[in-house]
Every structure is written in structure tokens, then in C-alpha cells.
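Participant: If you scroll down you'll find the structure; I have some questions about it.
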Amino acid sequence: MDGTKPSFSTNQTVCFSLINDVAKSLRSDINMLKAQMSSHLTDNAVQRRRVLGACVLLTYALLYTCFAVGSSLVPVVVGKSALSPGDKAWLALSAIAGAFVAIYLIFFFTGIKLEWQTSWKRYGLLFILGSAVDGISNYLTHSSWLGVPNHALILVLTGVANVGMLFAAVGIGLIVAQGMRQVNYLVMAAIVAAATDIISVFMGPTKHLITTDAFAYLSFQWGILGLGDISPIIGMGDFIFLALFFTGVRKFGWAAHKTLYAMCFALAIGLLSTLYGPRALPALPFMAVALLITHVNDIKQARVLQAA
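Set out below in C-alpha cells:
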């Protein structure tokens, strides 16, 4: 050692080096903490979504049970030559309540976000499992009719079949929506859905399907106060397009809750028109028009941005 003191620049370099090391260590700790917090928040979000999903299904089960059991408590209107305003009110209340429940289930389960890379497989699995639950439950229901009827068992199986059918419809709707890259696709889907439903109900397969037992496999069944039993109220095709509408609206960043309100209002108008009108009317045209009217400004703005 020659006894020389380190220069000021050397001390400064050492000091800066220590500060830099401390800063790197702090940044590393902060990034690790952020990652842990993000993972924790993600876990909490998943947990909350599961709890909320369970609550939604439980609410559906309670409402379904109330209307299924209550349908036998209200005086039966079947066989009457003419329905009184009170009879029609009971029928309308039941059908609209069931429709609102089904629409909200579609709205809720189409809002679950999945990773793009795995969404196709998961949506396909959702469709397969939903179809299996729907088919098996309805088969067992009809089998019980052929054997010794158990009304409570039939009600439970039908309620389970409803959920399976809705999940299958959501799976199809979400798969189709993956290819919806432009707003015009959603507009065309609404127009095509309305036109197809009109043709199908009045002249096509739906006209013949609703007269067969197979319609139970492809419909949402609900307890109708006054009929004394559960009855199909909405077909699976309507739910497929509902899932497509909700997914498209969310994909383009529009207000999905407005779509929910519009769909409920439109379906209520459709059901009331069928009940108080001269003949049954398809539901999809009402929902398609409601979708386009509700988001007319969003559609115009999106087209302007796409043209720019």
C-alpha cells in the first residue's frame, strides 16, 4: 500500500454503484410484489366469479321451482273456450319471468372471459357437455312419463335440462362470435337471424318442430301459472343468437347492460304480441330490431372509425 487516498471520482463511482445495486434490488422486489398481488387479485377474481356463478344458478333454481310448483296452484285455463284478462295476465307473467331468467343466464355466462388460445376448445367442450346434459335429462324425463311418473323428478330433470341447453347455446354462440371481426358482421347476423326465424316459424322446420316431443330438447321450459305444468317458451336458436349478440357487443366495447335491457324488453313485447295477438310470432325479429336500435350510434361510430 502506498498510502494514497482514493480520488473523489473513485468514491463517487463506488457510491453510484451501490445506489444502482440498491435500486435494482428495490425494483426486483417491487416487480415480485406486483406479480404476487396480480396473481392474488386474479385468484380473488376467479373465486368471486365462481361464487357469483353459483349464486346465479341458485337463483335460477329457486325461481324455476317457484313457478314450476306454483303452476299447479293457479286455476287451470286449459280447455276454456276464451281466456279472461286474468288468465292471460297469469300466462304473461309466467312466460316473461322465465324469459328474463333465461336471458340473464345467457348474459352472465357469455361474459366469462377466457384466453383466446384455449377459448375454442373450452367453448366446444361447453357445447358438448351442455348438449349431453340436455339430452340425457330430457330422455330420462320422457322415460319417466312412459313408466311410473314422478312429478318431482320430472321437474328436477327439466330444470337441469334447461341449464344444459343454455350452456350448449352459449357454446355455439361464442364459437361463432370468435370470427366476428367487424361491426358489419354483427349487423348482418341480426338481419339474417330475423329473416331466418320468420321463415322457419311460418314455413320452415320450426313450424313442424314445435308440434313434436323433440321440441322439449331444444327449448327453455318454465312453469306457466294457469297451465298446471311446465311448458316450452323459447327455442334454443333464439339463445344461440342472444349469445352471439352479447358477445359481439362486448367484443366491440359497447354497453352490454343496455343490450340486456333491450333484449328483455323486446322479448316481453314478442311474448305479449303472441299471447294477445291472433297467432304465435317469432322472437328473434324483435330482439334483432332492439339490438340495432339500441346500438345505432355505436354502429355508426364504428363504421366511421373503420372507414378512416
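Residue numbers for the sequence shown follow my numbering, beginning at 451 and rising by one.
C-beta: ideal position from N, C-alpha, C; glycine also.
All of these numbers come straight from a predicted model, not from anything done at the bench.
Identify the continuous alpha helix (DSSP H) that holds S650 and give its terminal residues.
Facilitator: V633 to F652
Participant: Tell whether a beta-carbon distance below 8 Å holds between V620 and A666.
Facilitator: In this structure, A666 does not lie closer than 8 Å to V620 by Cβ.
Participant: For the region 606-614 against the region 579-592, are there 3 or more C-beta pairs whose distance is under 8 Å?
Facilitator: yes
Participant: For I674 and A552, what's the separation of their Cα atoms in angstroms?
Facilitator: Whole-angstrom Cα-Cα distance: 15 Å.
Participant: Output the distance between the C-alpha atoms of D647 and L731, rounded to the nearest integer angstrom.
Facilitator: 10 Å
Participant: What are the start and end residues of the beta strand (DSSP E) that includes I674?
Facilitator: S669 to I674
Participant: Nearest-angstrom Cα distance between F517 and A511?
Facilitator: 10 Å
Participant: For I684, write down the residues that DSSP places opposite it in a beta bridge.
Facilitator: F670
Participant: Please state whether the Cβ-Cβ distance between T560 and F736 is less than 8 Å.
Facilitator: no
Participant: Which whole-angstrom value describes the C-beta separation of I690 and G623, a residue pair presumed to lie in contact below a C-beta threshold of 8 Å?
Facilitator: 5 Å
Participant: Taking C-alpha atoms, which residue in A738, C505, V699 and K701 lies nearest to V642?
Facilitator: A738
Participant: Could you check the C-alpha separation between G720 and G727 for me, to the nearest Å?
Facilitator: For G720 and G727, the distance between alpha carbons rounds to 10 Å.
Participant: Do M713 and M615 have their beta-carbon atoms positioned less than 8 Å apart in this structure?
Facilitator: no
Participant: What does D584 pair with, by DSSP beta-bridge criteria?
Facilitator: Bridge partners of D584: none, in fact.
Participant: Return yes when the Cβ of M638 is within less than 8 Å of the Cβ of G698, no when it is not.
Facilitator: no
Participant: Can you tell me which residues form a DSSP beta bridge with D679?
Facilitator: I674
Participant: Report yes if the C-beta distance between A733 and I684 is below 8 Å; otherwise report no.
Facilitator: yes
Participant: Between W570, A640, L668 and P682, which has its C-alpha nearest Y514's C-alpha?
Facilitator: The shortest C-alpha to C-alpha distance from Y514 to any of W570, A640, L668 and P682 is the one to P682.
Participant: If distances are taken between C-alpha atoms only, which option among V626, A545 and S522 comes closest to Y573?
Facilitator: It is V626.
Participant: Helix, strand or coil for P525? Go by DSSP, reduced to three states.
Facilitator: coil
Participant: Out of L717, S522 and L710, state which residue places its alpha-carbon closest to the alpha-carbon of L605.
Facilitator: When only C-alpha atoms are compared, the closest one is S522.
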